[in-house]
Every structure is written in structure tokens, then in C-alpha cells.
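Participant: Chain order of the listed sequences is A and B. No gaps in the numbering here: position 346 of the first sequence is 346 in my numbering, and each next residue is one more. No gaps in the numbering here: position 39 of the second sequence is 474 in my numbering, and each next residue is one more. Here you go, one structure.
2 protein chains.
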Amino acid sequence: MSAFTDIATRTYNHGWRLDPIVRSLLDTDFYKLLMLQLIWERHPEIDVTFSLINRSRSVRLADVVAEEELRAQLDHARTLAFTNRELVWLAGNTFYGETQMFKPGFIAWLRDFRLPPYELSRREGQYELTFSGPWTHTTMWEIPALAIINELRTRAVLRGEGRFSLDVLYARAKAKLWEKVERLRALDGLLISDFGTRRRHSFLWQRWCVEALKEGLGSAMIGSSNVLIAMESDLEAIGTNAHELPMVAAALAPDDEALRQAPYRVLDEWRSAYGGNLLIVLPDAFGTHAFLKDAPDWVADWTGFRPDSAPPIPAGEEIIAWWASKGRDPREKLLVFSDGMDVASIEETHRRFAGRVRTSFGWGTNLTNDFKGCLPGGGSALDPISLVCKVTQADGRPAVKLSDNPEKATGDAGEIARYLRVFGRSGLVSTPVTV
Amino acid sequence: MSAFTDIATRTYNHGWRLDPIVRSLLDTDFYKLLMLQLIWERHPEIDVTFSLINRSRSVRLADVVAEEELRAQLDHARTLAFTNRELVWLAGNTFYGETQMFKPGFIAWLRDFRLPPYELSRREGQYELTFSGPWTHTTMWEIPALAIINELRTRAVLRGEGRFSLDVLYARAKAKLWEKVERLRALDGLLISDFGTRRRHSFLWQRWCVEALKEGLGSAMIGSSNVLIAMESDLEAIGTNAHELPMVAAALAPDDEALRQAPYRVLDEWRSAYGGNLLIVLPDAFGTHAFLKDAPDWVADWTGFRPDSAPPIPAGEEIIAWWASKGRDPREKLLVFSDGMDVASIEETHRRFAGRVRTSFGWGTNLTNDFKGCLPGGGSALDPISLVCKVTQADGRPAVKLSDNPEKATGDAGEIARYLRVFGRSGLVSTPVTV
């Protein structure tokens, strides 16, 4: 067969300066685009700094991933523009049942969008990677930056493995994922979507996982948070909003009272921009307990909640009890579970809430980056790390996230202490962060 | 990427009348060629019938494999001729350290070789497939006929499986094989070769397995019995002789004494044609015990034995004791184990004989067709079956194989009784035949 090698393709591939990890600006999470439209419309003047934070300190990323390769990938991402086809799809596709989710003016603005500059240095075996500038631009770095670093780490670990070692590695990972699919298939009424872009093993692997879920779970697989994969695989693009909205609002609050109100101000803005199934509350930026205690009544009218840092069952129970206290029927509400879920916790959570509340699951790292036990030589070099890219400043003021798990808190220590004073510590439970 | 599909290749593939299973006359076992040269030189006048025998009666092959497809594959195999490149390689390559293993006259004769006609009918859910005519031609059907039927069964079982089911099936099988490779890697001084052509899952899978062993076992992987794969993967072609030689000699023996001597006459012919490492005795056609009891002294000068139907450890011990009784040092001798071996029996046998005799392993069905537990839907539809293609007549006289395991005996019942009288029952042990 060697005579029939596709010479043009081979030659074209020879010409690549590098093998790019991010090849499209749509290779990001859908909620970034929803938030971006809001930021573009309401807050075009805010400057925000995003910073890379590796919570798995024992993995010395700067020793594993070559700086030259990292710069090459980041630089390549900065050359990307939305293509005409991508913009036509964003403008014309239906998202969450809505047409024209993205306004013509926003689509036009996206046409000239490019990722802004980055700052990269090394310190104690870690990379210090920051993105500073208009929030309308720095926000778009979060997902590609994380995907690039995670995939560069994968490549570094696998460099030098033999062709059959690699074949076996992926064979094991595929077999492993399929065991999960077979277990999930047994759950009546399950709804699940891929949330695994940011911490994926690689782009190609994420795509394989999504296609496998599509075939294996049928209609239980409702979509992907990855816009490019959703477009190419004809799946729903899934996602609503993230912690950066309340974090920026909180950072800019002039006093403690404004700080306490910041999460609700953000939701108020959101509901004026989006409706229906996009009205999902992310309650844990500064502690779910505090959020619920002071929440205005209209928050109970929203479609659902996405608990993202408390153990799923207590978190769900707390929100259900809150809905009931507000006179709402939880069976008409939705809980989206997305924090470090895997098959066992999906099974347990699904069974616990069946018939009591609608549920769906955003399956992330344990879907797209579970290679434990798959390396032919053994070892944990492919285990996912807890890498995030968070808002650290807004207009020069420090930004903080508390979350329901103090292990996940980010920000300046003095500011964290102030936030804890304002929001309280009630309901915060420390749990080891693995993914 | 769809714009870059290789249109020429796609178009070429559209034009296939079928997807041929056997695409080269070298896609056969090496010993068939060694035996063929002997038959061509010494016995061009003998007519021999080979017949398909499915010892796994519960698998109704004629219900699983469509007759039309079977005929199409057999017909396609009959269109094949040795290519010039293949003949140049056979003539010029070194086999077992010898140049010009195949004589120029034989190579010239091969140039016009084609597989002869077949007869196919159905009976009680099984195929009756026979090849009658000159031994020089019918002998060459054994391996392709078996490979074709086994792969057609694979295709029938897998038809209708989804693309990801198939991907997972092979992922599981790859992971399974690699576990075996990792266990075998721990055995010091192991020598192993692929003997899995006849009962392989498919050609492509056999090739994957061989390449995986090559990478995973390094120099412990000494070759393949498959001539085409040996040529393409630059491995040693492995094999010596098979039961058809003593079976034909026995069938043609004019009386009981000539029958008793038939196995030794065959070895005498073999040693006049081949030397060195090709002097491997296959002792079990009519029982190893009987063979050793009456064997002439010169048989102890041969390089080794290939016990093929007795449990490996007792068989090895019996042969070692026999060498010692003949005053030979077993540490200079070779035992080749090839009967239904898998990792556990390879480990056990290797350890048992380490330092006492040289050993090597011919790994067959459990290498190239172990899909137990791999079907995404479960079930045993891919489990290998005990299918053979044996000599049933020579010049019109019935042919018989006893073997050390009466479950493997083939032939007419009255003739089996006569052979048992001539050779005795001593040492025969009934063991279930699984592969």
C-alpha cells in the first residue's frame, strides 16, 4: 500500500511549523460565548486579568512542558480568527431552542476578534501565565490556555513511547470509557453532556469520547460544552455562565454591602439578556449557603441551579429544600451537576434525585482525561492535574473565589478573609481537589 | 478534512467485487511450502483429499456464513498467483540460516501454481468442503480455506455493529493482548513465534498481533509462521512439517508393518531434503509413546521435537527422558510447544524446562483470536472454534490421525481401530479440545 500514500497530504503535513492544539476559536466552552456577549454589551470598559493556577503543585509543569512549545502554541492561537462558516453557524443555529441567541452586532464584532497578548514567565517549576486587558478579550483565553497546557503535558509524557505502546494506551482508555458507557446506559432518564474541554487529554481524544457517548448513550447524551465539537458532531452546545461574572462584580463592589449583593446583581443582568433554560444559577462563588440565605425571591423562578463545588447530594438537598421554602415545586426544577463527576457519583446522584427534581450531568475531566492505569509502563504521569485559569484582578482590584470547598478558594489571603467575613463560613466543607 | 479524502483510493476500493480475505498465496504457513517442495520432488503422483472438519459442532457454520460469500472468497483465492516479487524473495531470502532453501526448479514450478477446484455442499448446518486432486495442489488449500472461513465468521458476527462498538471491541482486544505481552516479557530467555494464521480473527488482526509482539517482546519474538507477514514485517518465517506427511505415508502403507514404519520413512525423506533446525520431529500423529518406543537411533540426532497434542509438561518430560535413554544431552535439544498455548501454559512450561532443554513456543489461536469478553454486547459469538482441514484420503485410501489426544483423532472409525491396534493406546490421554 505504500505506493498509495497520499503524497499531497503528507507534504502538506511536513509543512506545519507545529501541530496546533487549538485550531479554531470555537474550540472553547459555549458559556464563554454567552458571557462574552454580555460583557461586550454591558462591560466593554472593564479590564480583567486571568491567571493560570496549578493546584497540583507537585507536578512541576515548567519542567514537563517546554517553554518554547508553549509559546508556539499560544502564539498560534493568537493567529486564529472566527471563520465565516463558524460565524454563519453561530448566527443561524438554534441554541437551547432559541434562534438568534447571538445578536448581529456581536457576530460582526467577533469577525475581528483575536486573542490578546499573554505574559509568560517561570517560577519554582511552575509557569506564571497571565492575560491582562479588556475583559472582552482576556476572557476568551481561559479555555484555549488550559487545553494547550494540558495537551502539551500529554504530548511530553507520551513522547518516545513506541507505536504499539501508544496503540495499547488508547485501546485501554477506550475500553475503560466503554465500561463507563455501559454502566451509564443502565440509568433510566439520564441526561448527560460533555464538559471536558478545559482538562482534556487532547482534542482528538475529547472528540472520540463525545462520539462514543453519542453512539453508546443515544438520546441520553444531550450535548457538548465544546462549541466546535457540538457544531461538527451536530450536538447541542451546552453551558450557561461561570464564576468570572460574580467574581468581577464582587471585585468592583465599592463596599461590603455592594459585595454581598454582587451575585444577585449579576443574575439580574443575566436574566435581562437570556431566558428559559439559560437561567441556571451558579450559586457557589462565595458559598451556596450564604447565596441562598440572602437570595431575592425571583431567583427561585429560575429554571435551575448548577452546584459546582459542594458534594452533589447535600448540595442538591439544600437547593431542593430552599425551593420548597420558597413555595416552588422542585420537580419542575433542574439541577446540573458538574463538579468532578464520574460514573459512581453520577449513578448515586441520579438515583438519589430521580422523581424529586430534574437532573442533568456535565461530565468533565473524568470523561475526557481518565487514563489512570492505561500507561503501558504504569505510573501516574497522565493523571489529570487541577489546573485552572481564573480572574485575579478586575480594574486593578483583587478578585476572589471562595466556593463551597475552601480548597478551591483563589485570591489574595487578605481579601479572602474579608469575603469570609461578609459571606460567612456557614456550609463550607473542605474536600480534597483531584480534578 | 473531508475535502482531502484520497479520491483515487476510494474509487479503487469501490471497484472491489468483494473485500478479499486471502490476497496472496504467501498468506499461508511456511511449513506448507517446505512440505510442498518435498511433495513436488518425491510424490508428484499422489492424489490427496483434504476435508474441512468443524470439531465445534454446536457452531452451525452454514447458518452463520453465507454460502455465496464463501464461494466468492474461495473463487477469489483461486485467481491468485505468486507474484514475481514473492518468488524472488522465496528464492533469495535466507530461511533458518540457509540460502536457497527452495530450489530453482521448484520456484519455476510455483510461478504457474494456482489453487485447484473445491467441492462445497451443506449438511446439517455445516459445510462439507473438500479439495481432491494432486497432493501438490490440494495441500495448499488447508490454510487459506481455514483463514477464509474463520474471517467470514468474524465478519458475519460483527456485521451491524456500530462504528464505536467496533472501535471498543478492538480496543479491548488490544488491551487484552498487551496484558499478555507484559506477562511474557517477564520470562527470561523466552522464544516465541506466531502460529496463528489458520484460526485468526482476521488478517489485519493477525498482523497487528505480530507487530505488537515485535515491539513488546523484542528479540524474544523470533518470527511468524505466516510467510506473507514474515516477509512484510521482516521476521523469520517459522515452521517445519505437519501431520499430513505421516498421514499420507500411513494411508498408502500396504500392510501393518509398513504402517508401523511409516512415521520413520517420512522422517528419513525429510532429512534427505532438509537439515539443521528444520530437523524437528512431530511425534504425535499416531501417538508419541508408540513413536518413541520404536524410533530408530538416528531420530535422536535430530534438533528437536514439536509435541502437538499431549499436555506440554508430560510430553516434554517423556521426550527428555527418551533423549537421555539414547545418551543425548537434552540441554542441546529443542522442544517446540504449539498446541493451544496461552500465557499461563507458556509461563508454566517455560519455567519447568528452563536450563534443562531449549524451548520455543508457537503461539496460535490464543494469540490471534482471543476476543473473549471483548464483544460490547457480551456473548461468545467471537470465541474461536476448533476447525481443521485434514487429509482424509490418499490415492483413494482412508487417512487417519490419532494424536496423543483421542478427542483430536480424525478418520474412518474402522481405520482408527486398526491404527490403535498397530500403534497401541499407551500414553493417549483424552483432553477437551478448545482451540
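Built from N, CA and C at the ideal position, the CB exists for glycine as well.
Just by C-beta distance, which residues in the stretch 353-382 of chain A are closer than 8 Å to chain D?
Facilitator: Absent here is chain D; the protein component of the structure consists of chains A and B.
Participant: Mind checking which residues open and close the beta strand (DSSP E) that includes Lys390 (chain A)?
Facilitator: Taking the first residue of the first sequence as position 1, residue 390 (chain A) is located at position 390. Start and end: Leu387 to Ala394.
Participant: Which of helix, strand or coil does DSSP assign to Ser272 (chain A)?
Facilitator: For the purposes of this step, residue 272 (chain A) is taken as the residue at position 272 of the first sequence. Helix.
Participant: Would you tell me roughly how many angstroms separate the C-alpha atoms of Glu182 (chain A) and Trp322 (chain A), rounded to the nearest one?
Facilitator: In the first sequence, counting from the first residue as 1, residue 182 (chain A) sits at position 182. In the first sequence, counting from the first residue as 1, residue 322 (chain A) sits at position 322. Distance between the alpha carbons of Glu182 (chain A) and Trp322 (chain A): 35 Å.
Participant: For Val523 (chain B), return the contacting residues in chain A, with the cut-off set at a CB-CB distance below 8 Å.
Facilitator: Reading the second sequence from its first residue, position 88 is the one you call residue 523 (chain B). Chain A residues near Val523 (chain B): none, gap ~18 Å exceeds 8 Å.
Participant: Just mark Ser403 (chain A) as buried or exposed, buried being the case when its beta carbon has 16 or more other beta carbons within 10 Å.
Facilitator: Taking the first residue of the first sequence as 1, we reach residue 403 (chain A) at position 403. Buried, because 16 or more other Cβ atoms sit within 10 Å of the Cβ of Ser403 (chain A).
Participant: Please classify Asn84 (chain A): is it buried, with 16 or more other beta-carbons within 10 angstroms of its beta-carbon, or exposed?
Facilitator: Locating residue 84 (chain A) in the first sequence gives position 84, where the first residue counts as 1. Under this definition Asn84 (chain A) is an exposed residue.
Participant: Label Gly516 (chain A) either buried or exposed according to how many other C-beta atoms from any shown protein chain fall within 10 Å of its C-beta, with 16 as the threshold for buried.
Facilitator: Not covered by the structure: residue 516 (chain A). The range shown for chain A is 1 to 435.
Participant: Say the cut is 8 Å; is the CB of Ile346 (chain A) nearer than that to a heavy atom of the ligand GDP?
Facilitator: Of the ligands one can find in the structure shown there are none, so the ligand GDP has no counterpart to examine.
Participant: Note down the Cα distance separating Ala62 (chain A) from Leu461 (chain B), rounded to an integer number of angstroms.
Facilitator: As a working mapping, residue 62 (chain A) is identified with position 62 in the first sequence. As a working mapping, residue 461 (chain B) is identified with position 26 in the second sequence. Taking the straight line joining both Cα atoms gives about 53 Å.
Participant: Quick one: Cα of Gln393 (chain A) to Cα of Ala242 (chain A), how far?
Facilitator: Counted from its first residue, the first sequence places residue 393 (chain A) at position 393. Counted from its first residue, the first sequence places residue 242 (chain A) at position 242. Distance between the alpha carbons of Gln393 (chain A) and Ala242 (chain A): 16 Å.
Participant: Beta-carbon of Trp40 (chain A) versus every beta-carbon of chain B: anything under 9 Å?
Facilitator: By one-based count along the first sequence, residue 40 (chain A) stands at place 40. Closer than 9 Å: no.
Participant: Using CA atoms only, rank isn't needed, just tell me which of B:Val500, B:Ile851, B:Leu612 and B:Ala848 is closest to Val592 (chain B).
Facilitator: Numbered from its first residue, the second sequence carries residue 592 (chain B) at position 157. Cα-wise, what sits closest to Val592 (chain B) is B:Val500.
Participant: Is Thr463 (chain B) closer than 9 Å to Leu663 (chain B) when the C-beta atoms are compared?
Facilitator: On the second sequence, position 228 is the one that residue 663 (chain B) refers to. On the second sequence, position 28 is the one that residue 463 (chain B) refers to. Yes; because the gap between Cβ atoms is below 9 Å, this pair is in contact.
Participant: Hey, could you find the ends of the beta strand (DSSP E) Ile319 (chain A) is sitting in?
Facilitator: Stepping through the first sequence from its first residue, residue 319 (chain A) is reached at position 319. Segment Pro312 to Ser325 is the alpha helix (DSSP H) holding Ile319 (chain A); no beta strand (DSSP E) there.
Participant: With 9 Å as the threshold, decide whether the Cβ of Trp643 (chain B) is near any Cβ in chain A.
Facilitator: Counting from 1 along the second sequence, the entry for residue 643 (chain B) is found at position 208. Yes - at least one Cβ of chain A is within 9 Å of the one on Trp643 (chain B).
Participant: Consult DSSP for Asp194 (chain A) and reduce its assignment to one of helix, strand or coil.
Facilitator: Taking the first residue of the first sequence as position 1, residue 194 (chain A) is located at position 194. The answer is strand: DSSP assigns Asp194 (chain A) an E or B state.
Participant: Mind listing, in chain order, the continuous alpha helix (DSSP H) runs of no fewer than 4 residues lying wholly within the stretch 652-728 of chain B?
Facilitator: Fully enclosed alpha helix (DSSP H) runs of 4 or longer: 662-668, 679-686 and 691-708.
Participant: Near Ala230 (chain A), what residues of its chain come up, given a Cβ to Cβ distance below 8 Å and the 5 sequence neighbours on each side ignored?
Facilitator: As a first step, residue 230 (chain A) must be located in the first sequence, where it is residue number 230. Closer than 8 Å at the Cβ level, and outside the excluded window around Ala230 (chain A), lie Phe30, Gly223, Ser224, Glu236, Ala237 and Ile238.
Participant: Can you give me, in chain order, the residues of the stretch 189-222 of chain A that have a beta carbon less than 7 Å from any beta carbon in chain B?
Facilitator: So the list reads Glu211, Ala212, Glu215 and Gly216, given in the order they occur along the chain.
Participant: Please determine, among B:Arg477, B:Glu504, B:Val494 and B:Thr484, the residue with the shortest C-alpha to C-alpha distance to Asp454 (chain B).
Facilitator: Locating residue 454 (chain B) in the second sequence gives position 19, where the first residue counts as 1. Residue B:Glu504 is the option with its Cα nearest to Asp454 (chain B).
Participant: Cα-Cα, which of B:Trp544, B:Gly624, B:Gln472 and B:Ala580 is closest to Arg791 (chain B)?
Facilitator: Working through the second sequence from its first residue, we reach residue 791 (chain B) at position 356. The shortest C-alpha separation from Arg791 (chain B) is found at B:Gly624.
Participant: Is Val343 (chain A) close to chain B, meaning its C-beta is less than 9 Å from at least one C-beta of that chain?
Facilitator: If you number the first sequence from 1, residue 343 (chain A) lands on position 343. For Val343 (chain A), the answer is no, since every Cβ of chain B falls outside 9 Å of its Cβ.
Participant: Where in the stretch 784-863 of chain B do unbroken runs of the alpha helix (DSSP H), each at least 4 residues long, occur, reported from the N-terminal end onward?
Facilitator: Runs found: 800-803 and 848-858.
Participant: List the whole-angstrom C-beta distance separating Ala655 (chain B) from Leu626 (chain B), where the pair is believed to meet the contact cut-off of C-beta under 8 Å.
Facilitator: Counting from 1 along the second sequence, the entry for residue 655 (chain B) is found at position 220. Counting from 1 along the second sequence, the entry for residue 626 (chain B) is found at position 191. That belief holds up - the Cβ atoms of Ala655 (chain B) and Leu626 (chain B) are roughly 6 Å apart, short of 8 Å.
Participant: Would you list the one or two residues that DSSP bridges to Phe305 (chain A)?
Facilitator: Here residue 305 (chain A) is taken as the residue at index 305 of the first sequence, counted from 1. DSSP lists A:Val281 and A:Leu335 as partners of Phe305 (chain A).
Participant: For Ala720 (chain B) and Pro698 (chain B), which I take to be in contact (beta-carbon distance under 8 Å), what is that distance rounded to the nearest angstrom?
Facilitator: Here residue 720 (chain B) is taken as the residue at index 285 of the second sequence, counted from 1. Here residue 698 (chain B) is taken as the residue at index 263 of the second sequence, counted from 1. So it is a contact: roughly 6 Å between Cβ atoms.
Participant: Quick check on Tyr562 (chain B): does DSSP put it in helix, strand or coil?
Facilitator: Within the second sequence, residue 562 (chain B) is the residue found at index 127, counting from 1. Here Tyr562 (chain B) sits in strand by DSSP.
Participant: What beta strand (DSSP E) runs, 3 residues minimum, are completely inside the stretch 23-82 of chain A?
Facilitator: Taking only runs of at least 3 residues, the beta strand (DSSP E) segments lying wholly in the stretch 23-82 of chain A are 47-54.
Participant: Under 9 Å Cβ-Cβ, which residues of chain B neighbour Val157 (chain A)?
Facilitator: As a first step, residue 157 (chain A) must be located in the first sequence, where it is residue number 157. Those do not exist, as Val157 (chain A) stays about 18 Å from chain B at its closest Cβ, beyond 9 Å.
Participant: Would you grab the beta carbon distance between Ser865 (chain B) and Asn840 (chain B) for me? Rounded to a whole angstrom, and I think it's under 8 Å.
Facilitator: The residue given as residue 865 (chain B) occupies position 430 in the second sequence. The residue given as residue 840 (chain B) occupies position 405 in the second sequence. Their Cβ separation, rounded to whole angstroms, is 6 Å, which keeps Ser865 (chain B) and Asn840 (chain B) in contact under 8 Å.
Participant: Is any beta-carbon of chain A found at less than 9 Å from that of Trp733 (chain B)?
Facilitator: Residue numbering aside, residue 733 (chain B) sits at position 298 when the second sequence is read from its first letter. Chain A contact via Cβ: absent.
Participant: Answer yes or no: does any C-beta atom of chain B fall closer than 9 Å to that of Lys174 (chain A)?
Facilitator: Counting from one through the first sequence, the residue named residue 174 (chain A) turns up at place 174. True, the Cβ-Cβ gap to chain B drops below 9 Å.
Participant: Pull up the DSSP beta-bridge partners for Glu211 (chain A), would you.
Facilitator: Stepping through the first sequence from its first residue, residue 211 (chain A) is reached at position 211. Note: Glu211 (chain A) sits in no beta bridge, so no partner.
Participant: Pull up the CB-CB distance for Leu487 (chain B) and Met575 (chain B), whole angstroms please, since I reckon it's below 8 Å.
Facilitator: Start at 1 with the first residue of the second sequence, and residue 487 (chain B) comes out as number 52. Start at 1 with the first residue of the second sequence, and residue 575 (chain B) comes out as number 140. Incorrect: roughly 15 Å between the Cβ atoms, too far for contact.
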